[in-house]
Amino acid sequence: MTQPQTVARGRRLPLRRRPAVLVAVGTARMLAHLPPRRIRAVLTALRRGAVPATYRQVEDAMDAVLAVSVLCGGRYCLQRSLATTLLCRIRGVWPTWCTGVRTSPFVAHAWVEADGRLVGEPQDPGYYHPLIVIPPCY
């Protein structure tokens, strides 16, 4: 699930905040190799007990992921979205994790949403057609 793009973020992360981010990025890298049904099962289990994340919380998590991972800043949308979601969970909140497609031209993509908006994506809601959605538990 890749889309040729580079996500530009220019922030340095304080040393004390890096361990949690590195754990999220490393775990996301392993999860990204699993089949979709396993990813769905893992994320569905992990979301329990977390409160819905705000747009700002998810944006902050994505900024942190992009500050420590060059790969997540490129075309690795699945790893970026998983790492952002896992970091949010470490912080006690849960965004809406999505994977799906766009149709013209066809390309698979994974992303996160909060407050009904795509986080870190230049496109408007509705640009992608979600196939798997893991929303927060209410």
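Numbering (my numbering), first residue to last: 110 to 247.
Glycine residues also receive a C-beta, built at the ideal position from the N, C-alpha and C atoms.
In this text, all values refer to a predicted model and were calculated from it rather than measured experimentally.
Check                                                                                                             : Outcome
Reduced DSSP secondary structure (H/G/I, E/B, other) of CYS246                                                    : coil
At least 3 beta-carbon pairs within less than 8 Å: the segment 208-216 vs the segment 155-172                     : no
Cβ shell of ARG127 (< 7 Å), same chain only, five flanking positions each side left out                           : VAL177
Spatial neighbours of PRO161 in its chain, beta-carbon cut-off 6 Å, leaving aside the 5 residues before and after : PRO245
Identified DSSP bridge partners for GLY225                                                                        : Looking at the DSSP assignment, GLY225 forms no beta bridge with any residue, so it has no partner.
Same chain only: Cβ atoms within 6 Å of ASP233, ignoring 5 sequence neighbours per side                           : none
Range covered by the beta strand (DSSP E) that runs through VAL210                                                : 205-212
Rounded C-alpha distance that separates GLY158 from PRO231                                                        : 30 Å
Own chain residues within Cβ distance below 7 Å of CYS197, not counting five before or after                      : ALA162, GLN166, VAL167, ALA170, TRP203 and PRO204
Opposing strand residues paired with VAL202 [DSSP bridges]                                                        : VAL160
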